[in-house]
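Chains as they are written, first to last, in the numbering used here: chain A, 1 to 191; chain B, 1 to 179.
Right, here's the structure in full:
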């Protein structure tokens with residue numbers, strides 16, 4: 001039985017991007033990136049909103065070995081992530097995108113929490129969900145099994161908040177960690 | 001600053017003093033932490049609403065280990081309208097942004113701001129906090145008042161401590177990177 005995982009980096013005040021869409025401060029260090037890789041290694045399928053898809057699709061083109069564009073000299077952790085990425089399926093939720101241009105991806109026009117819950121339960125591998133807007137639908141339907149919040153040491157003041165309003169829940173804390181770059185990591189599971 | 005917040009960032013629910021979620025993290029560990037914190041304090045700073053609620057509570061809480069320090073430690077209440085403040089050892093401050101930097105220079109102990117959402121917002125905007133201490137409770141409240149309100153300025157921080165409580169709370173301590 002798989003788990004549905006919401007993994008995200010936020011500011012201390014809970015934003016995933018500022019009001020201009022900037023999220024430079026979420027950039028992982030080699031240490032945090034390697035840690036994320038170990039969490040997503042068991043993810044077989046990603047569920048993305050349109051914006052998250054636009055951000056993540058670059059991973060289809062990043063070389064997995066050696067240096068090269070678009071990022072000069074990918075690190076070991078980046079190479080590893082790119083390799084994991086290429087084995088994973090992606091479902092992109094968008095009402096406006098005509099098509100998706102990455103490998104292993106399909107497009108869906110609407111998000112059905114019941115159908116996803118069933119898929120996750122029947123799967124050997126985990127599912128990742130990304131983008132606060134799409135995640136909000138899953139959180140409100142209470143189908144998210146684990147929350148992994150990386151807190152970047154910064155306050156932003158305004159932007160896209162990582163959790164929806166009007167979702168109430170009590171969770172179980174399963175892990176806390178501090179990284180060298182000042183990121184904190186809080187991991188919770190559904191009770 | 002010391003505050004308990006929900007995982008979705010609220011320091012109180014929809015109604016004033018809607019703090020039931022504190023129960024999820026309350027226990028011996030947090031109580032000891034708070035008592036230890038109070039032992040380092042030489043002044044407590046409140047906005048008028050938190051002050052009134054705290055005064056009401058702590059003056060009648062004899063026997064609780066925090067009551068003695070809470071009642072004894074010098075306090076200021078920041079309010080432009082309050083005329084009297086009867087809780088033991090209280091001074092009324094009209095202009096918090098002007099007075100708090102001066103008060104910080106006095107004494108060797110720490111000044112703590114508890115609760116006091118509106119005052120905290122003003123102090124954040126004026127960059128007057130030297131430390132943010134939070135206990136994150138493992139709950140989504142879904143609604144209420146966010147501790148970090150929209151419009152606080154961009155600020156780089158340094159994570160100075162992280163501590164996991166057995167109740168599921170997490171204490172995070174940050175200092176502004178500039179200080």
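Where is the CB? At the ideal position from N, CA and C, for every residue including glycine.
Nearest residue (CA-CA) to residue i, options the options
i              : options                           : result
residue 64(B)  : 31(B), 112(B) and 169(B)          : 31(B)
residue 117(B) : 69(B), 49(B), 20(B) and 28(B)     : 49(B)
residue 9(A)   : 168(A), 147(A) and 166(A)         : 147(A)
residue 151(B) : 158(B), 121(B) and 157(B)         : 121(B)
residue 15(A)  : 158(A), 4(A) and 80(A)            : 158(A)
residue 39(A)  : 143(A), 89(A), 81(A) and 53(A)    : 81(A)
residue 127(B) : 44(B), 134(B) and 100(B)          : 100(B)
residue 205(A) : 139(B), 83(B), 15(B) and 82(B)    : Residue 205(A) lies beyond the residue range present for chain A, which begins at 1 and ends at 191; the question has no answer from this structure.
residue 71(B)  : 88(B), 107(B) and 104(B)          : 88(B)
residue 119(B) : 143(B), 85(B), 24(B) and 147(B)   : 147(B)
residue 158(B) : 173(B), 62(B) and 10(B)           : 173(B)
residue 92(B)  : 76(B), 106(B), 27(B) and 105(B)   : 76(B)
residue 162(B) : 95(A), 164(A), 162(A) and 150(A)  : 150(A)
residue 23(A)  : 51(A), 165(A) and 94(A)           : 51(A)
residue 108(B) : 14(B), 15(B), 43(B) and 27(B)     : 43(B)
residue 144(B) : 1(B), 16(B) and 2(B)              : 16(B)
residue 46(B)  : 74(B), 21(B) and 170(B)           : 74(B)
residue 79(A)  : 93(A), 162(A), 96(A) and 61(A)    : 61(A)
residue 7(B)   : 179(A), 180(A), 172(A) and 111(A) : 172(A)
Cβ separation of residue i and residue j, assumed to be a contact under 8 angstroms, to the nearest whole Å
i              : j              : result
residue 12(A)  : residue 153(A) : 7 angstroms
residue 110(B) : residue 41(B)  : 5 angstroms
residue 49(A)  : residue 131(A) : 3 angstroms
residue 129(B) : residue 123(B) : 6 angstroms
residue 184(B) : residue 12(B)  : Given a span of 1 to 179 for chain B in the structure shown, any question on residue 184(B) remains unanswerable.
residue 134(B) : residue 34(B)  : With a Cβ gap of about 13 angstroms, residue 134(B) and residue 34(B) do not count as contacting.
residue 113(A) : residue 141(A) : 3 angstroms
residue 116(A) : residue 47(A)  : 7 angstroms
residue 91(A)  : residue 45(A)  : 6 angstroms
residue 25(B)  : residue 160(B) : Not a contact, Cβ separation roughly 20 angstroms.
residue 155(B) : residue 155(A) : 5 angstroms
Alpha helix (DSSP H) segment containing residue i, residue limits
i              : result
residue 40(A)  : 30-40
residue 85(A)  : 76-87
residue 165(A) : From DSSP, residue 165(A) is part of no alpha helix (DSSP H); its letter is neither H nor E.
residue 11(A)  : Residue 11(A) -> no alpha helix (DSSP H), and no H or E assigned at all.
residue 51(A)  : 50-56
residue 64(B)  : Per DSSP, residue 64(B) belongs to no alpha helix (DSSP H) and is neither H nor E.
residue 100(B) : 96-105
Segment limits, beta strand (DSSP E) that includes residue i
i              : result
residue 23(B)  : No beta strand (DSSP E) contains residue 23(B), which DSSP labels as neither H nor E.
residue 48(B)  : First-last for residue 48(B): 48-58, but that is the alpha helix (DSSP H), not the beta strand (DSSP E).
residue 77(B)  : 75-78
residue 137(A) : Careful: residue 137(A) lies outside any beta strand (DSSP E), inside the alpha helix (DSSP H) at 132-140.
residue 105(A) : 105-108
residue 5(B)   : 2-6
residue 93(B)  : 90-93
Per DSSP, the bridge partner or partners of residue i
i              : result
residue 69(B)  : DSSP, once it has assigned bridges, lists no residue as partnering residue 69(B).
residue 126(A) : 43(A)
residue 163(B) : 171(B)
residue 155(B) : 155(A)
residue 145(B) : 12(B)
residue 132(B) : 174(B)
residue 123(B) : None, per the DSSP bridge assignment.
residue 150(A) : 9(A) and 185(A)
residue 170(A) : 139(B)
residue 190(A) : 171(A)
residue 41(B)  : 110(B)
Cβ-heavy atom distance, residue i to the ligand MN, below 8 angstroms
i             : result
residue 32(A) : What this structure holds is no ligand at all, so the ligand MN is not there to describe.
Practice item. Tell me, please, whether the stretch 101-110 of chain A touches the stretch 24-41 of chain A by the rule of three or more beta-carbon pairs shorter than 8 angstroms. Key: no
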